[in-house]
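Asks:
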Amino acid sequence: MKSNRTLLFSTFASTVLAVNPAMAVDHNNLDAGRPLSFDDAESIAYREQAIEFGAGLNLPSNRSVGGSFDIEYLYGFALNSHLVIGIDPSVGGKADTDETDFDVGNLSVGVFHNFNREYDNVPAFALRGDVGFPTGRDSRGVDLRVRGIASKTVGQYNRLHLNLDLNVKTDVDAEERSVIPGLILGYSRPLGYPKRFDRTFLAQMGVRASQDTKGGAILLTGVGLRQQVSLRSVVDIGLEGDIATGAGERSELRLKVGYSFGF
Amino acid sequence: MLYRSIQNMTLLTSTLALLLSIPLSPVIAQQHHDGHSNPQTDTSASEAKTLPPVPTDLPSWINNKSRNHIYRKRGVYNDAVYNLKPLALDLNAVAVGHALAYEDLVTGNEKDLETKTFERINYVLKNPPRFMPDEATISPTFGRKYGVLEQVFDWAHVFHAQTVDVLVSTKMTDAEKEAEIERLYEFYVKNVPYAITGLPMNMGYLDGQPYSTAFRKEYPKVNGLFWGYHWLQGGMYDMLYGKTLEEQKAAYATVGKQYHEVELYRTDRSFMPMFAEVSPRFAQRFPQIANTFDNLHMLHDMINDILASDWISEQQKEEQIQRAIWLVMAKNHEGMEAGQNYGGEGLHDHRFMAGMPGMGLMPEGTGHQGHDSNSNSQTSPTSQPTMNHDNSMPGMNNNNSMPGMNNNNSMPGMNHNNSMPNMNHNNSMPNMNHNNSMPGMNNNNSMPNMNHNNSMPGMTNPMPQPTPKPSEPTMPNPQR
Chain A
13 MKSNRTLLFS TFASTVLAVN PAMAVDHNNL DAGRPLSFDD AESIAYREQA IEFGAGLNLP
73 SNRSVGGSFD IEYLYGFALN SHLVIGIDPS VGGKADTDET DFDVGNLSVG VFHNFNREYD
133 NVPAFALRGD VGFPTGRDSR GVDLRVRGIA SKTVGQYNRL HLNLDLNVKT DVDAEERSVI
193 PGLILGYSRP LGYPKRFDRT FLAQMGVRAS QDTKGGAILL TGVGLRQQVS LRSVVDIGLE
253 GDIATGAGER SELRLKVGYS FGF
Chain B
1003 MLYRSIQNMT LLTSTLALLL SIPLSPVIAQ QHHDGHSNPQ TDTSASEAKT LPPVPTDLPS
1063 WINNKSRNHI YRKRGVYNDA VYNLKPLALD LNAVAVGHAL AYEDLVTGNE KDLETKTFER
1123 INYVLKNPPR FMPDEATISP TFGRKYGVLE QVFDWAHVFH AQTVDVLVST KMTDAEKEAE
1183 IERLYEFYVK NVPYAITGLP MNMGYLDGQP YSTAFRKEYP KVNGLFWGYH WLQGGMYDML
1243 YGKTLEEQKA AYATVGKQYH EVELYRTDRS FMPMFAEVSP RFAQRFPQIA NTFDNLHMLH
1303 DMINDILASD WISEQQKEEQ IQRAIWLVMA KNHEGMEAGQ NYGGEGLHDH RFMAGMPGMG
1363 LMPEGTGHQG HDSNSNSQTS PTSQPTMNHD NSMPGMNNNN SMPGMNNNNS MPGMNHNNSM
1423 PNMNHNNSMP NMNHNNSMPG MNNNNSMPNM NHNNSMPGMT NPMPQPTPKP SEPTMPNPQR
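Structure below.
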């Protein structure tokens, strides 16, 4: 337990120190988790690499406060496509379990592909597929997620991002759903034009089915900000809320901060 | 209670943000005439003209709808321009300026270009952004309409930036820098099918289209800004080339002052600044790169002119922009060589005068007095204003300057005593534009046959010896 935490934090620290943080992704290129849950339809550049870190303070209703982390590595292995490898450790209170011990989380591997840029009145479309491996505490089975993404400009600088999710869990208990659909409508807009060009505001609203077969829908909300802080790095901050509408699941508030850089 | 309040606030904020975005009507200039087979002439207020036909054999990538972002070539030099921070910030501001103007041109705000747009750009020039912004997010409407053009510009701009990074890098020797600049050119040409040609294009032809000069006539102040950028973007190469960082910093103290106080606000140029004028040493050593950037800047001018021509319909603008892109593509000139005329209507005329590698034929009227009638005839129907020889700078010694030479913007402290020995005037610099000098040049060691009113500050080192032309890179395979 302690050795897992030590290993994780020392990996985090050595990665930050080893990689020149002078280069990073742009503030306007939106990846899930940085800081909200939706993606935009843009991939990173061919042959670009990026590392993204996140930390969150979780406030599940009627449970103790918890902390969550996520680390992702992205690589543009082909034109308009990138690979995503991530892990999401956590500790303390969580909405979906009574456990509070440190959990190294599930390792996930995903592929993102953008089909087209936005042109005329046609949105940019993308598809993302992720596989989650049961490396976390008490995890069983492989989790799959397919996400369809459409990004469209409305007005001059407002952008809407529709994410349609299909989550499939291959090993569930009797009272759990194996297929969980979800939808998020994200919004982004650069802030400060025409005097500053380094900041993006984000917001989201969404809904997904509860994992509990007896539970109702979970509403997702969130607001956030992405700020370019160096030539190639971005800091993000966000507030997300999961609002449980039925029995079986808990609402949760999450304050998230993150740091991304590309190289 | 606090928990629920925060949740409610989050829900309210995100709802408001989404709802407010929806009713905003698109600001896109909805002037498409899809489905029309457009006549070659229009009947708007401006004088109708006949547009050149669009080639029927354009490559498929010119209609691609992909993003196709490619990461820049990796190197220790990347972003080294920030070692010379004032220059880095000024280049960041240039990116914003271009994007703001293009966005206003395509969103029906062209009437504000010389007023509100100019003021917004000017603000950014005086308060440059810390980091290079993504032009696509500043001009999203422009990007949606002309995505392929944006690809052409972006890739050339990446190449532009990296060559400057190499020159400012403190981690490479001069020999390593020269070798890396050549590798960057190969990387630029080989990785995309839309690389701009490194041949010295016939500027008289390119700037002699039916729509040419529309932008500079209609929007002289904003055009002046663009040509001011090009003055800097061209001139900084000799300013940096072969210098230590301390020398570069000292040089930019003068060049930057000239840029901000004079060059940005000039509206009396007859033609855009050319690389061989403002960075003759770099142009001589890397003529293909100098030509590529000249052709890039000319493409910018052609696009400006097309967008500024109200007698051209939206459909025709899209077609003419595709044509303009194709005119300067390396693929379109495959197998051709600098210094040759391949006939036709003037496009494939890649001749240049002896002693001025890296600079092709120029439009009529941008030359010396008495040098206009020679065998290098131009195809430009557009007459240019005669050259102005006023306003020489104090301290300038013009004893041996070329007769008829335009010394506008000559450089403080410029020494012409040894200018241009062995200058060949027989076919030299027909229609040459000389009003783009760089400040502070000491020409005691100038190259023979060199155009010397474009000197660079701090230049006291012996001039580099002419080197064999770098080998032509293999043309890239079309990308998927």
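In order, the protein sequence lines correspond to chains A and B. 13 is the number of the first residue of the first sequence in the numbering used here; add one for each residue after it. 1003 is the number of the first residue of the second sequence in the numbering used here; add one for each residue after it. Beta carbons: idealized from backbone N, C-alpha and C, even for Gly. Bear in mind that the values here come from a model prediction, so they are computed numbers and not experimental data.
Measuring straight from C-alpha to C-alpha, what distance separates E1265 (chain B) and V1096 (chain B)?
Replies: Taking the first residue of the second sequence as position 1, residue 1265 (chain B) is located at position 263. Taking the first residue of the second sequence as position 1, residue 1096 (chain B) is located at position 94. E1265 (chain B) and V1096 (chain B): Cα-Cα distance of roughly 13 angstroms.
Asks: Would you mind sorting Q1342 (chain B) into buried or exposed? The rule is 16 or more other CB atoms within 10 Å of its CB.
Replies: By one-based count along the second sequence, residue 1342 (chain B) stands at place 340. Q1342 (chain B) comes out exposed.
Asks: List, from N- to C-terminal side, the beta strand (DSSP E) runs of 3 residues or more that fit wholly inside the segment 60-143 of chain A.
Replies: Within the segment 60-143 of chain A, the complete beta strand (DSSP E) runs of at least 3 residues are 61-72, 78-90, 93-99, 102-104 and 119-126.
Asks: Closest by CA to S1214 (chain B), which one among B:D1307, B:M1338 and B:D1114?
Replies: Looking up residue 1214 (chain B) in the second sequence gives position 212. The candidate whose alpha carbon is nearest that of S1214 (chain B) is B:D1307.
Asks: Measure the CB-CB distance between R262 (chain A) and R75 (chain A) and report whether it falls below 8 angstroms.
Replies: Looking up residue 262 (chain A) in the first sequence gives position 250. Looking up residue 75 (chain A) in the first sequence gives position 63. Yes, these two residues count as a Cβ contact at 8 angstroms.
Asks: To which residues of the same chain is Y1104 (chain B) closer than 6 angstroms at the C-beta, ignoring the five residues directly before and after it?
Replies: As a position in the second sequence, residue 1104 (chain B) is number 102, starting the count at 1. S1141 and F1144, listed in sequence order.
Asks: Distance, Cα to Cα, M1364 (chain B) vs A1278 (chain B)?
Replies: Position 362 of the second sequence, counted from the start, is the residue given in the question as residue 1364 (chain B). Position 276 of the second sequence, counted from the start, is the residue given in the question as residue 1278 (chain B). About 12 angstroms.
Asks: Going by C-alpha to C-alpha distance, which of A:I99, A:P146, A:R129 and A:D254 sits closest to G66 (chain A)?
Replies: In the first sequence, the residue the question calls residue 66 (chain A) occupies position 54. Selected option, being the one with the closest Cα: A:I99.
Asks: In chain order, what are the residue ranges of uninterrupted alpha helix (DSSP H) at least 4 long that sit wholly in the segment 1290-1347 of chain B?
Replies: Runs of the alpha helix (DSSP H) inside the segment 1290-1347 of chain B: 1316-1329.
Asks: Under 8 angstroms Cβ to Cβ from H1352 (chain B), same chain only, skipping five residues before and after it: list those, please.
Replies: Stepping through the second sequence from its first residue, residue 1352 (chain B) is reached at position 350. So the qualifying residues of the chain are L1201, P1202, M1203, N1204, H1335, M1338, E1339, A1340, G1341, Q1342, N1343, Y1344 and G1362.
Asks: Pick from B:E1366, B:A1332 and B:G1348: whose alpha carbon is nearest that of V1191 (chain B)?
Replies: For the purposes of this step, residue 1191 (chain B) is identified with residue 189 of the second sequence, where counting begins at 1. Minimum Cα distance to V1191 (chain B) is reached at B:A1332.
Asks: May I ask you to report which of helix, strand or coil DSSP gives Q240 (chain A)?
Replies: Reading the first sequence from its first residue, position 228 is the one you call residue 240 (chain A). Reduced to three states, the DSSP call for Q240 (chain A) is strand.
Asks: To the nearest angstrom, how far is it from the Cα of S55 (chain A) to the Cα of L203 (chain A)?
Replies: By one-based count along the first sequence, residue 55 (chain A) stands at place 43. By one-based count along the first sequence, residue 203 (chain A) stands at place 191. Between S55 (chain A) and L203 (chain A), the C-alpha separation is close to 22 angstroms.
Asks: Q1250 (chain B) and L1091 (chain B) - do their beta-carbons sit closer together than 8 angstroms?
Replies: Translated into the one-based positions of the second sequence, residue 1091 (chain B) becomes position 89. Translated into the one-based positions of the second sequence, residue 1250 (chain B) becomes position 248. No, the pair does not count as a contact, with Cβ atoms beyond the cut-off.
Asks: What's the call for G45 (chain A), buried or exposed, on a 16-neighbour Cβ count within 10 Å?
Replies: Your numbering for residue 45 (chain A) matches position 33 in the first sequence. Label assigned to G45 (chain A): buried.
Asks: Verify the CB distance criterion: does K1219 (chain B) have a CB-CB separation below 8 angstroms to chain A?
Replies: Working through the second sequence from its first residue, we reach residue 1219 (chain B) at position 217. With 8 angstroms as the cut-off, K1219 (chain B) does not count as an interface residue toward chain A.
Asks: At 3 residues or longer, what runs of the beta strand (DSSP E) sit wholly inside the segment 1207-1239 of chain B?
Replies: Those beta strand (DSSP E) runs which fall completely within the segment 1207-1239 of chain B and span 3+ residues do not exist here.
Asks: Which same chain residues end up closer than 6 angstroms to T257 (chain A) when comparing Cβ atoms and leaving out the 5 residues on each side of it in sequence?
Replies: By one-based count along the first sequence, residue 257 (chain A) stands at place 245. Excluding sequence neighbours, T257 (chain A) sits near G228 and A229.
Asks: Check whether chain B comes within 8 angstroms of K207 (chain A), counting only Cβ atoms and requiring the distance to be less than that.
Replies: Residue numbering aside, residue 207 (chain A) sits at position 195 when the first sequence is read from its first letter. It does: the Cβ of K207 (chain A) has a partner Cβ on chain B nearer than 8 angstroms.
Asks: Check each candidate in A:R220, A:T182, A:N70 and A:V103 and name the one with the smallest Cα separation from P146 (chain A).
Replies: Working through the first sequence from its first residue, we reach residue 146 (chain A) at position 134. The candidate whose alpha carbon is nearest that of P146 (chain A) is A:T182.
Asks: Are the CB atoms of D248 (chain A) and L7 (chain A) within a distance shorter than 8 angstroms?
Replies: The structure shown does not extend to residue 7 (chain A), since chain A is modelled only from 13 to 275, so the question has no answer here.
Asks: Please report whether the beta-carbon of N40 (chain A) lies at a distance below 8 angstroms from any beta-carbon of chain B.
Replies: As a first step, residue 40 (chain A) is located in the first sequence; it is residue number 28 there, counting from the start. N40 (chain A) counts as touching chain B.
Asks: With three or more beta-carbon pairs closer than 8 angstroms as the criterion, would you say the segment 1246-1263 of chain B touches the segment 1284-1301 of chain B?
Replies: Result no; under three Cβ-Cβ pairs closer than 8 angstroms.
Asks: Would you kindly check if the distance between the Cβ of N40 (chain A) and the Cβ of D1136 (chain B) is under 8 angstroms?
Replies: Along the second sequence, one-based indexing puts residue 1136 (chain B) at 134. Along the first sequence, one-based indexing puts residue 40 (chain A) at 28. For D1136 (chain B) and N40 (chain A), yes; Cβs fall inside 8 angstroms.
Asks: Starting from the Cα of V116 (chain A), find the closest Cα among A:G160, A:Y85 and A:G148 and give me that residue.
Replies: Position 104 of the first sequence, counted from the first residue, corresponds to residue 116 (chain A). Checking every option, the nearest Cα to that of V116 (chain A) belongs to A:G148.
Asks: Distance cutoff 8 angstroms, beta carbons only. Does P1131 (chain B) sit that close to anything in chain A?
Replies: Mapped onto the second sequence, residue 1131 (chain B) falls at position 129. Yes, because at least one Cβ of chain A sits closer than 8 angstroms to the Cβ of P1131 (chain B).
Asks: So, is the C-beta of G68 (chain A) closer than 8 angstroms to a C-beta in chain B?
Replies: Sequence index remark: in the first sequence, residue 68 (chain A) carries index 56 (1-based). Output row for G68 (chain A): interface = no.
Asks: In angstroms with no decimal places, state the Cα-to-Cα distance between G234 (chain A) and N126 (chain A).
Replies: Counting from one through the first sequence, the residue named residue 234 (chain A) turns up at place 222. Counting from one through the first sequence, the residue named residue 126 (chain A) turns up at place 114. For G234 (chain A) and N126 (chain A), the distance between alpha carbons rounds to 25 angstroms.
Asks: Count the CB pairs spanning the segment 1233-1251 of chain B and the segment 1268-1283 of chain B that are closer than 8 angstroms, and state whether there are at least three.
Replies: Yes, they touch.
Asks: Considering only the beta carbon of each residue, do R129 (chain A) and A138 (chain A) sit closer than 8 angstroms?
Replies: The sequence position of residue 129 (chain A) within the first sequence is 117, counting from 1. The sequence position of residue 138 (chain A) within the first sequence is 126, counting from 1. The answer is no: Cβ separation not under 8 angstroms.
Asks: Is it the case that the segment 1216-1235 of chain B contacts the segment 1109-1123 of chain B, given that we only count it when at least three CB pairs across the two stretches are under 8 angstroms?
Replies: In short, these stretches touch, since the Cβ pair count reaches three.
Asks: Would you mind sorting Y169 (chain A) into buried or exposed? The rule is 16 or more other CB atoms within 10 Å of its CB.
Replies: Along the first sequence, one-based indexing puts residue 169 (chain A) at 157. The residue is buried, with at least 16 neighbouring Cβ atoms inside 10 Å.
Asks: Closer than 7 angstroms, Cβ to Cβ, to anything on chain B: give me those residues from the segment 121-134 of chain A, in chain order.
Replies: Taking 7 angstroms as the Cβ-Cβ cut-off against chain B, the residues of the segment 121-134 of chain A that qualify are N126, N128, R129, E130, Y131 and D132.
Asks: Between the segment 81-108 of chain A and chain B, which residues of the former have a C-beta closer than 8 angstroms to a C-beta of the latter?
Replies: Per Cβ criterion, the list reads G88, L91 and N92.
Asks: Can you tell me whether M1203 (chain B) is helix, strand or coil according to DSSP?
Replies: Here residue 1203 (chain B) refers to the residue found at position 201 when the second sequence is read from its first residue. In this structure, M1203 (chain B) counts as coil in the three-state DSSP scheme.
Asks: Does DSSP put R159 (chain A) in a helix, in a strand, or in coil?
Replies: Here residue 159 (chain A) refers to the residue found at position 147 when the first sequence is read from its first residue. The answer is strand: DSSP assigns R159 (chain A) an E or B state.
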